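**Student:** In my numbering, the protein residues as written are 69 to 370. By construction, the Cβ of each residue, glycine as well, lies at the ideal position given by its N, Cα and C atoms. Given the structure is predicted, the values throughout are model-derived calculations rather than measurements. This structure is in structure tokens; I'll ask about it shortly.
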Amino acid sequence: MQDFSGKIAVVTGGGTGMGRELAVQLAAAGAHVSMCDLSEENMAEAAALARAAAPASDVRISTHTCDVSDEAAMLVFRDEVLAAHDSDHVNLLFNNAGLSGGGSIFTDTRDSWDRCFNVCFHGVRWGTLAFLDALTKADEGHIVNTSSVNGFWASIGEDRPHTAYSAAKFAVKGFTEALIGDLRVNAPHVKASVVMPGHIGTSIVQNSMKFGARALTDEERELMAVADQMFHDMAPMTAAEAATVILDGVRADRWRILVGDDAHALDAAVRADPERAYDPGFGEMLFAELRSATEGLVADDG
């Protein structure tokens, strides 16, 4: 699917981050876009940007409030999307919504763990099931599921447990890879891709704070606000750059889309020596090498 013009695209988690940028860039390419999110305010901003980017006034943009972890809500979202576009089909499904939480099975609550896993994995599952019939009715379709580098490396540091998010992202990766064969047998005109971003400047920390399983204290909110700003500002790749990589991957019909130099380097390192992937210092050593290489490139360009 090299041309998105006139296609109908669905983006979950479209209010911020990569979801917002996907919506904007799809609209700019002439696609009709429906997005869902839990924040109507964020979606309104994203929709305004998408409409401004669209090359023609007849490009349709619709917004829908939906919790992707709720299967019934996703079925309502699907019905609303088809009605908004007066269509029986969609061409592109970006199961992008996600949040963090449930890092430790020892110290975090069951609710926190389940909330993260249900959004990050079951959101992908329910999205795929909800729109599968509409995708197969299209002349061509593509399912794009967002995993993470934590879908092949279950760590963010040896002293920081990261179980729920990593488990969910491994599940997304495995589900998508298995889906490739399932589609080839049952709907060969529909493709599937798994996206594995590294550190991207998104609002996932902020969204996890807003829509996680439990209310935070004022002190926790202050700390999370600082962490959110740092996560966003220190990212080596912006959400807009990441969305461009993803859409270029879809156009090239790539089933495996790594996003960011850090994702490529980490993937190569884990594949080269999987037995050492969880040894103390593995991640710190790798990211120190990445920082050094990046600083060298900046110096050369200067």
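1) Report, in whole angstroms, the separation of the C-beta atoms of V334 and W221, which I expect to be a contact under 8 angstroms.
2) Using the three-state DSSP reduction, which class does S107 fall into: helix, strand or coil?
3) Based on Cα-Cα distance, which residue from V263, V187, S234 lies nearest to E139?
4) Examine the Cβ distances between the stretch 193-209 and the stretch 109-125 and report whether three or more of them are shorter than 8 angstroms.
5) Suppose contacts are defined by Cβ-Cβ distances below 8 angstroms. Is R146 in contact with F199 by that definition?
6) Pick helix, strand or coil for G219, following the three-state DSSP scheme.
7) Given a cut-off of 8 angstroms on the beta-carbon distance, is the pair C104 and T80 in contact?
8) Closer than 8 angstroms is the cut-off here; do at least three beta carbon pairs connect the stretch 148-161 with the stretch 221-233?
9) Which residue marks the beginning of the alpha helix (DSSP H) containing A236, and which one marks its end?
10) A77: which of N213, G170, P123, A99 sits nearest, CA to CA?
11) Between A331 and N218, what straight-line distance do the alpha-carbon atoms span, to the nearest angstrom?
12) Where DSSP assigns a beta bridge to A77, which residues make up the other side?
13) Below 8 angstroms on the Cβ atoms is my contact criterion, and I expect V262 with R324 to pass it. Report the Cβ-Cβ distance as a whole number of Å.
14) Find the nearest neighbour of G166 within the set T131, Y233, L150, judged by alpha-carbon distance.
15) In three-state terms, what does DSSP make of P342?
16) Tell me whether R324 sits in a helix, a strand or coil according to DSSP, three-state version.
17) Which residue's Cα is closest to the Cα of M69: E89, V253, S168, A260?
18) Considering only the alpha carbon of each residue, which of M86, L106, D341, G349 lies closest to G328?
19) With a threshold of 7 angstroms on Cβ separation, who are the neighbours of S107 within its own chain once the five nearest residues in sequence on each side are excluded?
20) Using 8 angstroms for Cβ pairs, my map puts A121 next to A151. What's the rounded Cβ distance?
21) Is the beta carbon of V149 less than 8 angstroms from the beta carbon of M142?
22) Which whole-angstrom value describes the C-beta separation of F185 and A236, a residue pair presumed to lie in contact below a C-beta threshold of 8 angstroms?
23) Assign S73 to one of two classes, buried (16 or more other C-beta atoms within 10 Å of its C-beta) or exposed (fewer than that).
24) Is G83 helix, strand or coil when you go by DSSP?
**Tutor:** Let me lay it out:
1) Checking the sequence shown, residue 334 turns out to be Leu, not Val. About 6 angstroms separates the two Cβ atoms, so the contact holds.
2) coil
3) V187
4) With a cut-off of 8 angstroms, the stretch 109-125 and the stretch 193-209 do not count as touching, because too few Cβ pairs lie within range.
5) yes
6) helix
7) yes
8) no
9) 231-254
10) A99
11) So the two alpha carbons sit approximately 10 angstroms from each other.
12) Residue pairing by DSSP places A77 opposite V101, L160 in a beta bridge.
13) 6 angstroms
14) Y233
15) helix
16) strand
17) A260
18) In this structure, M86 is the residue among M86, L106, D341, G349 with its C-alpha nearest to the C-alpha of G328.
19) G83
20) No, A121 and A151 are not in contact; Cβ-Cβ is about 24 angstroms, not under 8 angstroms.
21) no
22) 5 angstroms
23) exposed
24) coil
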